[in-house]
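Everything in the sequence shown is counted per the numbering used here, starting at 34 for the first residue and increasing by one. Reviewing the structure listed below.
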Amino acid sequence: MHFSNKTVAVILLLASFMTGCSTSSVDNPSNGQNVSMTIHGLYPSRTGESYALWFEFPKASAGKKNQIQHGDFIKKLVSKFRVDSDGKISGFDTTGLTSKLGYSLALATNASISVEKTDSIGAEPRAPFIAGDFSGTASTGNATLVTSHDDGLNYGFTDMAGAVTLANSPGNPATDLELYLMTATSPTQTSASINNLPPLPEPWQYTLWAVDSSTKSLPPFNIYYGTFASPVAIGSVPPDSQPNDNHYPYPGGRYPADSTQPIYDLRSSGKVSVMMTVEPITNGIRPLTPFGAVILQTTILSSAQGFSPITLTNRSSQFPTAAITIHR
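Structural data, given as structure tokens:
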């Protein structure tokens, strides 16, 4: 069977949600100095998005040249780059780096990777993702970048747990099952299912997806249920869940929202993956595919029953990391 390059890329993207991409490295000399970056499990870049590597430097006091003001730092763009569907880094360029930064690498205190719009990277990171502090010697610095650093997402998510429940809305057939992030044993016995849900820095949002890669022709069929900041309500700002699709006060709902259309059977293949992700969303634009930062995940089996909660598995241990080395 022959698949197009685009289809293969989508298959690899879906696989990366569960396992992350392979390790990939770049090693670029610049004016006698050197920046090396090794990524572990960083998800393939989506259309219109790139990653960016930033270094943080202490600012010099305007009144006292070359003296540092405590707590006064500036982020400088090292390079944007993309991660291809096979996990390889492309576009990483440190040509003329020291001139572009305006600072010696010996002063770098911190490194971070953000998610950016490819065509509009500003002076500050748009959506910081992973970060870490440099340590080492006067000639070499090393930083391990993780989501839990306060310049990244500022949380590790390892203590998060939850469940989903398939539930029919009142008055509808018992086979018309909608998806909700809730624990429910009946239409009246419901409760929030997500615990330890910390607030996210802008523009990150919690998002609920169902991804069916078996009953629809490739690429996989992505059902986007919207963003949320609370375990007991849908999001209050766009992009939000489909209008009028929530019959229970929890993230999720009916798909499709148009009740004149048959409800989508999430049990038909026994392989639909439900994912709770974090997404770098801006401008109220609904994402077409998950970013890949999957915190909680489960598979809807064909034997799943309504009002029988399904435990979500915590996948945060598979979040990406990066190792940055600078030779000063």
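Just so you know, even glycine gets a beta-carbon here, dropped at the ideal spot from N, CA and C. Because the structure is a prediction, the values reported are computed rather than measured.
Of the residues the options, the one placed nearest residue i, counting alpha carbons only
{"i": "residue 24", "options": "112, 282, 356, 160", "result": "The chain is shown from 34 up to 361; residue 24 falls before or after that span and cannot be answered."}
{"i": "residue 206", "options": "354, 81, 111, 292", "result": "292"}
{"i": "residue 306", "options": "261, 257, 265", "result": "257"}
{"i": "residue 333", "options": "343, 119, 325, 284", "result": "343"}
{"i": "residue 203", "options": "286, 359, 309, 92", "result": "286"}
{"i": "residue 31", "options": "318, 176, 229", "result": "Residue 31 lies beyond the residue range present for the chain, which begins at 34 and ends at 361; the question has no answer from this structure."}
{"i": "residue 119", "options": "320, 143, 76", "result": "76"}
{"i": "residue 352", "options": "340, 324, 338, 358", "result": "324"}
{"i": "residue 300", "options": "199, 121, 173", "result": "199"}
{"i": "residue 359", "options": "281, 130, 302, 224", "result": "130"}
{"i": "residue 234", "options": "158, 322, 340", "result": "158"}
{"i": "residue 337", "options": "302, 308, 328", "result": "302"}
{"i": "residue 183", "options": "330, 261, 232", "result": "232"}
Secondary structure of residue i, DSSP reduced to three states
{"i": "residue 338", "result": "coil"}
{"i": "residue 321", "result": "coil"}
{"i": "residue 332", "result": "strand"}
{"i": "residue 101", "result": "Confidence at residue 101 is low in this model, with a pLDDT of 44, below 50, so the placement of that residue should be treated as unreliable; the coordinate-derived value is given next. It is a strand residue."}
{"i": "residue 351", "result": "helix"}
{"i": "residue 212", "result": "strand"}
{"i": "residue 345", "result": "coil"}
{"i": "residue 360", "result": "strand"}
{"i": "residue 131", "result": "helix"}
{"i": "residue 299", "result": "coil"}
{"i": "residue 230", "result": "coil"}
{"i": "residue 38", "result": "Low confidence applies to residue 38: its pLDDT is 39, below 50, so where it sits in the model is not reliable, and the reading given next is rough at best. Residue state, collapsed to three classes: helix."}
{"i": "residue 241", "result": "strand"}
{"i": "residue 139", "result": "helix"}
{"i": "residue 314", "result": "coil"}
{"i": "residue 190", "result": "coil"}
{"i": "residue 83", "result": "strand"}
{"i": "residue 198", "result": "strand"}
{"i": "residue 54", "result": "In this predicted model, residue 54 has a pLDDT of only 49, less than 50, meaning its place in the structure is not dependable; the value taken from the coordinates is given anyway. It is coil, neither helix nor strand."}
{"i": "residue 110", "result": "strand"}
{"i": "residue 92", "result": "strand"}
{"i": "residue 69", "result": "strand"}
{"i": "residue 224", "result": "strand"}
{"i": "residue 286", "result": "strand"}
{"i": "residue 259", "result": "strand"}
{"i": "residue 307", "result": "strand"}
Supposed contact pair residue j and residue i - C-beta distance, whole angstroms, cut 8 Å
{"i": "residue 178", "j": "residue 163", "result": "4 Å"}
{"i": "residue 313", "j": "residue 242", "result": "Contact flag wrong, Cβ pair sits at about 15 Å."}
{"i": "residue 185", "j": "residue 141", "result": "That belief does not hold up - the Cβ atoms of residue 185 and residue 141 are roughly 17 Å apart, past 8 Å."}
{"i": "residue 364", "j": "residue 284", "result": "The question about residue 364 has no answer here: the residues shown for the chain are numbered 34 through 361."}
{"i": "residue 253", "j": "residue 263", "result": "Wrong, their Cβ atoms sit about 28 Å apart, outside the cutoff."}
{"i": "residue 201", "j": "residue 167", "result": "Contact flag wrong, Cβ pair sits at about 55 Å."}
heavy atom of the ligand ZN below 7 Å from residue i C-beta
{"i": "residue 171", "result": "As for the ligand ZN, it is missing from this structure, which has no ligand bound."}
Point to revise | the stretch 143-151 in contact with the stretch 83-91 per 3-pair CB rule at 8 Å | key: With a cut-off of 8 Å, the stretch 83-91 and the stretch 143-151 count as touching, because enough Cβ pairs lie within range.
Notebook entry, point to check: Is the stretch 70-85 touching the stretch 113-126, taking contact as three or more C-beta pairs under 8 Å?
Noted result: The stretch 70-85 is in contact with the stretch 113-126.
Would you be able to state if there are at least three C-beta pairs under 8 Å between the stretch 186-202 and the stretch 341-359?
-> Contact between the stretch 341-359 and the stretch 186-202 is present, because at least three Cβ pairs lie under 8 Å.
- Where are the beta strand (DSSP E) runs, 3 residues long or more, that stay fully inside the stretch 147-173, in chain order? The beta strand (DSSP E) runs lying completely inside the stretch 147-173 and spanning 3 residues or more are 160-166, given in chain order.
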